[in-house]
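In the numbering used here, the protein residues as written are -17 to 355. Idealized CB from N, CA, C, for every residue including glycine. Because the structure is a prediction, the values reported are computed rather than measured. The structure under discussion appears below in the form of structure tokens.
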Amino acid sequence: MADAVDLTLFNAISLLLPPVSELQQDLESQLKNERKIIDTIMDPKVYDTTTPADPPAEVLPLFFLDHVESLNEEQQLMVLHGGILLIWKDRRLSWNASEYGNIKEIIRRKTQLDGKLWLPKIYLSEIFFRTVNILNFEATEITINDKGYIHCMVNVVVKTTCHFEYDYYPYDNQNCSFTMYSPFTIEKMRFADYGGAEKTRYQTRSGKPSKIDVGDFALERIESKNIFLLPGSKVVESPDRYPKKMVRSVFWFNLIFRRHNIFYTTRMAMPLFTISCLTYAFCLLQSYHGLIWLLLCLAVQIMNDAILMENLPPDYTEMPAIGFVATLVLFETILLIIWRFYTIFTIQAMPDRSDIHTRIALVTLCGEKLNAP
-17 MADAVDLTLF
-7 NAISLLLPPV
3 SELQQDLESQ
13 LKNERKIIDT
23 IMDPKVYDTT
33 TPADPPAEVL
43 PLFFLDHVES
53 LNEEQQLMVL
63 HGGILLIWKD
73 RRLSWNASEY
83 GNIKEIIRRK
93 TQLDGKLWLP
103 KIYLSEIFFR
113 TVNILNFEAT
123 EITINDKGYI
133 HCMVNVVVKT
143 TCHFEYDYYP
153 YDNQNCSFTM
163 YSPFTIEKMR
173 FADYGGAEKT
183 RYQTRSGKPS
193 KIDVGDFALE
203 RIESKNIFLL
213 PGSKVVESPD
223 RYPKKMVRSV
233 FWFNLIFRRH
243 NIFYTTRMAM
253 PLFTISCLTY
263 AFCLLQSYHG
273 LIWLLLCLAV
283 QIMNDAILME
293 NLPPDYTEMP
303 AIGFVATLVL
313 FETILLIIWR
323 FYTIFTIQAM
333 PDRSDIHTRI
343 ALVTLCGEKL
353 NAP
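Here it is in structure tokens:
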């Protein structure tokens, strides 16, 4: 019975679909019209591939981040996967869609249009430490619509250096940046000021957008900015005061990561706090046992500090706060051991000196009052 119902539904759907011959005719007609459009608007007799239509061409750069493969603190390197969309207008590449079977856009690989249209030269500075013209990639996809707008989509893998600042560890931010530029001066081409970047968003099973994270870091935001380069590598924000033939347009992207170390509390902060409390408690013991426990606390602190220093990030310019506190507690414990050693053996050596006993008791009482909450 179920097979009969499925067969009936299949036959009903088949009646609604056009025959294969018509689909082939439509596809052939579309390809024929697309070839006619390309031959017409890209005719070498009327189209100059060496210059944009209305110089300077304004190219809008959009960067889409798919995911971050790695963020290496020791090597200070980041590897990411994403896409770059470049948009500009060339009025010479517009057509009347009604004259060509209502075709409003044409999609081709870059290799299919080599030498047929003007393309900007866009170099990305961090393709695995090489500067590469991204529009030379064979996989570059070019879309031309009937209004003359051109969209170029390029998938890239970027390996770039990062600037790590550990002074506020474990709440530090890391900056990883890369740039796009063109050898053309702004007389011929420039980037649009309103370009930008966006994270590719995916939804989790709970319906919330997923976060882009790697290791202890999560991507907080992406900054982008159009800047201008003068001879001598001088960077300026506005080219208005300089001759256009001396200025090149550069687009800068900066990814800001924030550390989210979930083990900081359990592996660093809590052990240090616990040892500090125990050290203070054992310091108040008046017997030899207090000295023994203080020596044990010192040994545990030395081991904990060694583990803590191994977990601290490399190449910090200033000691992070947790390292400074651990060092301070270590020296405090050593001073308490010296004090407890002095008090115990002084009392033992001079059992009849009540004045010394009174002073020691007074100092101990003051310490308790100062440390009381």
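**Study point:** Same chain only: Cβ atoms within 8 Å of I168, ignoring 5 sequence neighbours per side
**Key:** P38, F210, P221, K226, V229, R230, S231
Check your understanding: When the distance is taken between beta carbons, is K92 closer than 8 Å to G124?
Key -> The displayed chain sequence assigns Ile, not Gly, to residue 124. Cβ atoms of I124 and K92: closer than 8 Å.
Practice item. Return the chain-ordered list of same chain residues with a C-beta closer than 7 Å to the C-beta of P253, the five sequence neighbours on each side being excluded. Key: N286
Review point. Hey, quick one: how far does the beta strand (DSSP E) through Y131 stretch, first residue to last?
Key: 131 to 146
Exercise for review: Counting only the same chain and skipping the five closest in sequence on each side, list residues whose C-beta sits under 6 Å from that of G130.
Suggested key: K71, D72, R73, L75, S76
Exercise for review: Please report how far the alpha carbon of V61 lies from the alpha carbon of V307, in whole angstroms.
Suggested key: 34 Å
Review point. Would you call the stretch 94 to 103 and the stretch 149 to 158 in contact, with 3 or more CB pairs under 8 Å?
Key: They do not touch, by the three-pair rule.
Review point. Closest by CA to F239, which one among A263, L212, I257, I194?
Key: I194
Practice item. Kindly indicate which residue of I89, E10, I85, D36 has the alpha-carbon position closest to the one of C134. Key: I89
Point to revise | Neighbour-count burial assignment, E56, 16 or more Cβ in a 10 Å radius | key: exposed
Check your understanding: Is F233 closer than 8 Å to S215 when the C-beta atoms are compared?
Key -> no
Check your understanding: Using DSSP with H/G/I as helix, E/B as strand and the rest coil, what is E56?
Key -> coil
Exercise for review: Taking only the alpha-carbon atoms, compute the straight-line gap between I204 and T161 and give it to the nearest angstrom.
Suggested key: 13 Å
**Study point:** Close Cβ partners of F199 (< 6 Å) along its chain, the five nearest in sequence each way excluded
**Key:** L53, F239, R241, listed in sequence order.
Exercise for review: State the DSSP-derived secondary structure class of T31, mapped to helix, strand or coil.
Suggested key: coil
Exercise for review: Quick one: give me the first and last residue of the beta strand (DSSP E) that M171 is part of.
Suggested key: 171 to 173
**Study point:** Three-state secondary structure assigned by DSSP to S258
**Key:** helix
Practice item. Select from S80, V138, T113, G97 the residue whose C-alpha is nearest the C-alpha of F45. Key: V138
Point to revise | Contacts around A179, its chain only, beta-carbon distance under 6 Å, and the 5 residues preceding and following it disregarded | key: F45, I204, S206, F235
Exercise for review: My understanding is that I85 touches N15, with C-beta atoms under 8 Å, so please give their C-beta distance in whole angstroms.
Suggested key: 5 Å
Exercise for review: Find the nearest neighbour of K141 within the set D25, L9, G64, judged by alpha-carbon distance.
Suggested key: G64
Practice item. Spatial neighbours of T32 within its chain, please: CB distance less than 8 Å, with the 5 preceding and 5 following residues excluded, ordered by chain position. Key: W100
**Study point:** Top-ranked residue by Cα proximity to T315, from E292, L280, I23
**Key:** For T315, the nearest C-alpha among the options comes from L280.
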